[in-house]
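Numbering (this note's numbering), first residue to last: 23 to 308.
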């Protein structure tokens, strides 16, 4: 009975741990993308009040391109591995591959330590981890080639049998870290790209009519202000048209004008009864 319980606990642990890790990764990349997206509209994503599930649901679009790239790259590497196993490369070819891997890794490390000077380069956060990961992975692979230089294969003797597995494990850590770095960069770029796409088509967001008791003094020249009759039962004196719903947070709406302008700002409207919000129908006859 105890053995069966232990077996089930082991199976549960092996399932729960990967699921937890996957959820954490989805949350992180969804957060990075959303943070870049709403920063474009002047918002800190933490002020919106999105839940963990919201960030997780936003991550698949962000991870689509990296997952496709990783899967296709893995297929290519596996095919290359099969070919190399069937037709072993010569010692000269392996030596050249070793030199090339060292050059790629060195270039990545130079970029890494030259961050204060080249960190503003737009491609830096993608090129640097790609070079470091590719160079490290190639070095680890060459280490296990039968025709590798003798000074590399010498570590397989009894006095240092642990060296090659240890180097390989550390190389895998480096490759995983650089993949995480590059994917986070792509997530940020994806969020910023989504924001720019939204800004180009603000008129496609849900249209909102906002009634307030106090004047908002909007100066963008896009939102139209109209005075409401004073005899109304509610203390609402101003009506604003030309607003669009960017996103709904926890107890508040974030509204933007329906056309982009450098003077635009994001309007935060609390859903506490102090304002009246109307959502307009789409101007398309059924």
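A virtual CB, placed ideally from N, CA and C, is assigned to each residue, including glycine. What you are looking at is a predicted structure, and each value in this text was computed from that prediction instead of being measured.
Beta-carbon gap between residue 250 and residue 238 smaller than 9 Å: No, these two residues do not count as a Cβ contact at 9 Å.
Chain-order list of residues whose beta-carbon lies under 7 Å from that of residue 297 (same chain, five-residue window excluded): So the qualifying residues of the chain are 232, 233, 234, 291.
DSSP beta-bridge partners of residue 279: Note: residue 279 is bridge-paired with 265 in the DSSP secondary-structure output.
Local Cβ density within 10 Å of residue 212, reported as buried at 16 or more and exposed below that: By the Cβ neighbour-count rule, residue 212 is buried, with 16 or more other Cβ atoms within 10 Å of its own.
Three-pair Cβ contact test at 8 Å for the region 78 to 94 versus the region 53 to 70: Under the 8 Å Cβ criterion, the region 78 to 94 counts as touching the region 53 to 70, having at least three qualifying pairs.
Buried versus exposed, by CB contacts within 10 Å (16 or more), residue 191: Flag for residue 191 reads exposed.
Own chain, CB closer than 8 Å to residue 244, minus 5 neighbours either side, in chain order: Hits under 8 Å: 264, 279, 280, 281, 283, 286.
Under 9 Å between C-beta atoms of residue 155 and residue 204: Against a cut-off of 9 Å, the Cβ pair of residue 204 and residue 155 comes out as a contact.
First through last residue of the beta strand (DSSP E) which encompasses residue 248: Its beta strand (DSSP E) spans residues 246 to 249.
Separation of residue 95 from residue 132, as counted between CA atoms: Counting only the Cα atoms, residue 95 lies some 25 Å from residue 132.
Supposed contact pair residue 306 and residue 293 - C-beta distance, whole angstroms, cut 8 Å: So it is not a contact: roughly 27 Å between Cβ atoms.
Whether residue 272 touches residue 70 by CB criterion (9 Å): It is a contact, given that the beta carbons lie within the stated cut-off.
Where the alpha helix (DSSP H) containing residue 154 begins and where it ends: Looking at the DSSP string, the run of the alpha helix (DSSP H) that includes residue 154 is 146 to 165.
Boundaries of the beta strand (DSSP E) in which residue 234 is found, first to last residue: Its beta strand (DSSP E) spans residues 229 to 234.
First and last residue of the uninterrupted alpha helix (DSSP H) at residue 222: Element bounds for residue 222: 185 to 222.
Three-state secondary structure assigned by DSSP to residue 290: Three-state result, residue 290: strand.
4-residue-minimum alpha helix (DSSP H) runs that sit fully inside the region 54 to 119, ordered along the chain: You should have 67 to 70, 74 to 108.
Cβ shell of residue 201 (< 7 Å), same chain only, five flanking positions each side left out: The residues are 155.
Assigned exposure category for residue 126 - 16 Cβ within 10 Å defines buried: By the neighbour-count definition (other C-beta atoms within 10 Å, threshold 16), residue 126 is a buried residue.
Candidates 162, 270, 75, 130, of which the one nearest residue 193 by Cα: For residue 193, the nearest C-alpha among the options comes from 162.
Contacts around residue 266, its chain only, beta-carbon distance under 8 Å, and the 5 residues preceding and following it disregarded: Counting only Cβ-Cβ distances below 8 Å, and skipping sequence neighbours, we find 224, 225, 227, 228, 229, 230, 277, 278, 279, 280.
Residue 119 vs residue 185 beta-carbon contact at 9 Å: Contact: no.
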